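Those protein sequence lines, which keep their order, are chains P and B. Those letters in the first sequence? Residues 1 to 225, by the working numbering. Those letters in the second sequence? Residues 1 to 472, by the working numbering. Beta carbons are placed, not taken as given, at the ideal position from N, Cα and C, and that holds for glycine. No experiment lies behind these values; they were computed from the predicted model shown. The block underneath contains the structure these notes are about, expressed in structure tokens.
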Amino acid sequence: MRLLLVEDNHELARWLSSSLTGDGYAVDWLGDGQQADQALQQESYALVILDLSLPGQDGLEVLRRLRARGQTLPVLVVTARTELDDRVTGLNMGADDYLAKPFELDELRARLHALLRRTQGYAGQTLTVGNLSFDGVNRSFYYGGEPLPLSKRESALLEVLAGRAGRAVSKEYLFEQVFGMEDDVNPEAVELIVFRLRKKLKDTDLTITTLRGLGYLLDVSNQGG
Amino acid sequence: MAEPANHRSLRGQLLLYVLPPMLLLWGVNFYWAYHSLHDAVTRAHDRTLLISARMIGDRVRLEGERIRVDVPYVALDPVELDTPGRIYYQVLDDQGYFVSGFDDFPAPPQNRERTAFYPALVSFRDVTYLGEPLRVAAFYQPVVSVDGVGKIALVQVGETLQARQSLFNELLTGALWQQGLLVLSGVLMVLLAVYAALRPLSELQRTLSARARAGKRRRIDPAGVPTEVRPLATELNNYIKRLDALHQRQRRFLADASHQLRTPLAVVMARVEHALEQSDSQQWHDALTDTRNTTRATIRLTNQLLTLARADRGGEIDREGWQPVDLNALGRRVCLAHSAAAVAKRIDLGFEESPHDAHINGDMTLIHEMLANLVDNAVRYTPGGGVVTLRVLGSEAGVVHVEVEDDGPGIPEEKRMRVFERFYRLHPEDTKGSGIGLGIVRDVLKLHDGSVQLADGANGQGLRVCVTLPRH
């Protein structure tokens with residue numbers, strides 16, 4: 001998958017592209033806003049990682065022009081300006097996500113995955129958490145290579161949790177993703193599905209942790225002991 | 001300080017208000033002087049002209065039926081002597097027959113209005129004679145003979161205008177000079193007054209610039225400036241005081257920050273250099289892991305220091321950039337962001353939102369940072385297996401409370417006041433914490449006119465930090 005990295009700090013850009021290339025992405029790196037604007041008009045990318053402070057043309061301007069041209073590819077804004085205003089401006093101008101510098105590589109990877117999944121789905125991809133894997137083609141879960149028997153809703157809920165493994169997912173979000181616009185469903189239904197999922201994952205290395213008043217978190221359980 | 005470009009100097013403005021009216025007054029005054037001088041000169045010369053006419057009139061006599069006159073040359077003197085002007089005269093009898101003088105002299109108009117200044121039978125008028133403007137006095141002189149026959153002679157005396165014109169010019173020039181001098185001295189006085197009145201301001205400016213050069217905390221003595229400038233001086237003093245305080249805080253912050261940031265950098269440097277001297281890849285790996293952890297801590301510290309700097313408005317409430325903040329939503333967001341760290345440490349991090357409206361007005365970024373610091377502290381210092389809860393309480397009208405409760409080691413009561421000081425560490429040997437998290441809490445609350453209390457957690461164990469934020 002081809003990514004455009006727009007970042008004017010050479011060293012940061014070098015190591016980032018090196019890591020992302022190692023992850024299997026094809027990374028084009030540009031350090032100038034004007035050049036980035038050109039490249040976005042000529043080349044086709046799956047995603048842009050965009051720094052806001054750039055020579056040539058401000059990152060927000062690159063973003064504005066991109067969206068003005070009607071291009072819908074996902075943009076992950078990365079900036080050292082941590083003020084919330086920038087964040088709001090960036091999101092208003094069509095950024096899909098926002099990451100404050102300095103960030104950890106794992107965090108960047110997680111955001112990239114989430115963004116790419118949101119725009120491209122799991123087509124052809126396999127999602128793996130511990131020994132659990134999700135086949136995006138036939139949309140089914142496997143544990144240690146064996147198919148995991150799950151109901152449609154259990155599978156949908158686990159898909160959301162696995163897609164954000166190691167990060168909290170709010171109960172409201174789960175409810176929306178699993179039940180969509182369905183009427184007459186009690187929000188507590190999420191708890192029931194989690195209860196059933198836990199039973200089915202009892203003998204695995206995965207744990208669904210309840211976050212009181214917040215939601216749930218799926219993680220590989222051998223860390224905590 | 002950038003001044004708007006269209007602001008003239010005070011001096012210029014004062015002059016602008018004073019000079020044009022003065023020039024206008026000068027103009028009006030000149031107009032009046034012109035007319036009154038013209039009237040005066042005309043009247044004075046008319047009188048001499050009339051005297052000449054009367055002198056001629058005195059010499060009119062009757063010789064039988066005929067009017068005769070011997071014109072005395074002295075009658076023509078008063079005008080001809082002192083100026084290059086000329087005088088013309090004419091005497092006619094009551095039938096209009098020419099008696100003496102210039103026979104083509106213009107005849108007086110019929111039914112002329114007489115002026116109030118002179119007796120009846122006397123009139124003045126302006127005519128043109130021999131191509132020259134003339135002022136003419138005309139009057140009727142009754143002539144009575146010895147045997148009682150009465151007749152009336154018309155005597156006209158005309159005078160060219162040079163004499164009156166030169167007198168008028170002379171008087172007018174004098175008046176102009178006088179008034180000009182008056183206006184000029186007026187302007188000078190205004191300038192002097194403006195300069196004198198503004199001198200305290202200039203002195204104030206000199207004091208300030210001297211202060212800036214010396215870098216000293218010199219204040220302006222309010223007793224040494226005029227009453228009108230005193231509030232300005234007082235306000236400037238307050239401003240200087242605030243500026244000095246801000247300056248001091250910034251210096252302290254810079255000193256603190258450089259110490260806090262250099263230390264972990266030195267740690268990283270030492271660790272990396274030590275690893276470079278080794279040849280074992282396991283040791284390199286350990287060094288890199290340590291370096292990552294130190295860097296992580298330094299990143300957090302840097303973010304905290306920047307938040308602290310942002311929250312520092314000199315202890316004043318500054319509502320710039322405030323917006324409605326829903327503490328229910330913000331509390332949830334903060335907890336979600338920390339839940340991974342809590343789960344990794346097997347800490348039960350919970351969120352209890354308020355069923356009531358929990359909106360306040362404030363700086364969203366700073367309040368977010370404050371809550372993040374409270375939750376981060378609780379998760380950091382509560383041992384594995386512990387319970388941390390963020391609770392929003394919004395039932396009171398004017399305020400919203402946010403509590404962060406844990407069942408960790410707590411803070412001994414006697415040390416609870418000190419933990420809000422910057423870089424104070426409960427356990428000096430603990431190098432994980434930065435020692436500024438609670439400093440941020442205190443500064444953000446000060447900025448929002450809020451307050452914080454530390455109490456025991458549930459069942460007398462752990463710590464409960466209770467933050468109160470006014471809704472504003």
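Query                                                                                                                                                                                        : Result
Just reading off the alpha helix (DSSP H) that lysine 171 of chain P is part of, what are its end residues?                                                                                  : 171-179
For glutamine 453 of chain B, which residues does DSSP report across the bridge?                                                                                                             : B:Cys466
So, at 6 Å on beta carbons, what are the nonlocal neighbours of aspartate 407 of chain B in its own chain, with the 5 sequence-adjacent residues on each side left out?                      : Gly386, Val387, Gly457, Gln461 and Gly462
Mapping DSSP to helix, strand and coil, what is alanine 33 of chain B?                                                                                                                       : helix
Taking CB distances under 7 Å as the criterion, tell me whether serine 339 of chain B reaches chain P.                                                                                       : yes
Taking C-beta to C-beta, are arginine 442 of chain B and phenylalanine 423 of chain B nearer than 7 Å?                                                                                       : no
Under 7 Å, Cβ to Cβ, is there at least one residue of chain B near glycine 213 of chain P?                                                                                                   : yes
Does the beta carbon of glycine 163 of chain P come closer than 7 Å to any beta carbon on chain B?                                                                                           : no
Between the alpha carbons of leucine 192 of chain B and leucine 15 of chain B, how many angstroms are there, rounded?                                                                        : 11 Å
So that I know if they touch, is there some Cβ in chain P lying closer than 7 Å to that of glycine 435 of chain B?                                                                           : no
Between the alpha carbons of glycine 394 of chain B and glycine 144 of chain P, how many angstroms are there, rounded?                                                                       : 48 Å
Would leucine 50 of chain P and valine 6 of chain P be called neighbours here (beta carbons separated by less than 7 Å)?                                                                     : yes
Quick one: residues in its chain with C-beta nearer than 7 Å to the C-beta of arginine 464 of chain B, no 5 flanking neighbours on either side, listed in chain order?                       : Glu403, Glu405, Ala455, Asp456 and Gly457
Let me know the secondary structure DSSP gives tyrosine 239 of chain B once reduced to three states.                                                                                         : helix
Please report how far the alpha carbon of valine 183 of chain B lies from the alpha carbon of methionine 22 of chain B, in whole angstroms.                                                  : 7 Å
Hey, which unbroken runs of the beta strand (DSSP E) at 3 residues or more fall wholly within the region 386-417 of chain B?                                                                 : 387-393 and 399-406
How do the region 173-190 of chain B and the region 60-75 of chain B stand: do at least 3 beta-carbon pairs fall below 8 Å, yes or no?                                                       : no
Below 8 Å on C-beta distance, what does aspartate 443 of chain B contact in chain P?                                                                                                         : Result: empty, since nearest Cβ-Cβ is about 17 Å, beyond 8 Å.
So, does the region 316-331 of chain B touch the region 357-374 of chain B, judging by three or more C-beta pairs under 8 Å?                                                                 : yes
According to a CB-to-CB cut-off of less than 8 Å, which residues of the region 141-170 of chain P neighbour chain B?                                                                         : Gly166, Arg167, Ala168 and Ser170
What are the residues in the region 325-350 of chain B lying within 7 Å of chain P by C-beta distance?                                                                                       : Arg332, Cys335, Leu336, Ser339, Ala340, Val343, Ala344, Arg346, Asp348, Leu349 and Gly350
Secondary structure at glycine 12 of chain B, three-state DSSP: helix, strand or coil?                                                                                                       : helix
Answer yes if the region 187-198 of chain P comes into contact with the region 150-158 of chain P, meaning at least three C-beta pairs across the two stretches below 8 Å, and no otherwise. : yes
Should aspartate 93 of chain B be labelled buried (16 or more other beta-carbon atoms within 10 Å of its own) or exposed?                                                                    : buried
Quick one: which unbroken alpha helix (DSSP H) runs of 4-plus residues sit fully inside the region 107-174 of chain P? Chain order, please.                                                  : 152-163
How far does the beta strand (DSSP E) with arginine 346 of chain B in it reach, from first residue to last?                                                                                  : Arginine 346 of chain B -> no beta strand (DSSP E), and no H or E assigned at all.
Once the 5 residues before and after glycine 331 of chain B are set aside, which same chain residues still bring their CB inside 7 Å of it?                                                  : Phe351, Glu353, Leu371, Leu390, Val392 and Val402
Using three-state DSSP, classify threonine 72 of chain P as helix, strand or coil.                                                                                                           : coil
How about glutamine 57 of chain P and glutamine 34 of chain P: do their beta carbons lie closer than 7 Å?                                                                                    : yes
Starting from the beta carbon of isoleucine 299 of chain B, find every residue of chain P whose beta carbon is closer than 8 Å, and list them in chain order.                                : Pro102
Between the C-alpha atoms of leucine 243 of chain B and serine 209 of chain B, what's the straight-line distance to the nearest angstrom?                                                    : 15 Å
I'd like to know whether the C-beta of glutamate 474 of chain B is nearer than 7 Å to at least one C-beta of chain P.                                                                        : Because chain B is modelled from 1 through 472, residue 474 of chain B falls outside the range shown and cannot be assessed.
I'd like the list of long-range same chain contacts for glutamine 248 of chain B, defined as Cβ closer than 8 Å, with 5 residues on each side in sequence excluded.                          : none
Say whether chain B places a C-beta atom closer than 7 Å to the C-beta of threonine 209 of chain P.                                                                                          : yes
In whole angstroms, give me the CA-to-CA distance for arginine 310 of chain B and leucine 447 of chain B.                                                                                    : 10 Å
I'd like the list of long-range same chain contacts for glycine 225 of chain P, defined as Cβ closer than 7 Å, with 5 residues on each side in sequence excluded.                            : In this prediction, glycine 225 of chain P scores a pLDDT of 37, lower than 50, which makes its location untrustworthy; the coordinate-derived value is nonetheless stated afterwards. Result list for glycine 225 of chain P: empty, nothing under 7 Å.
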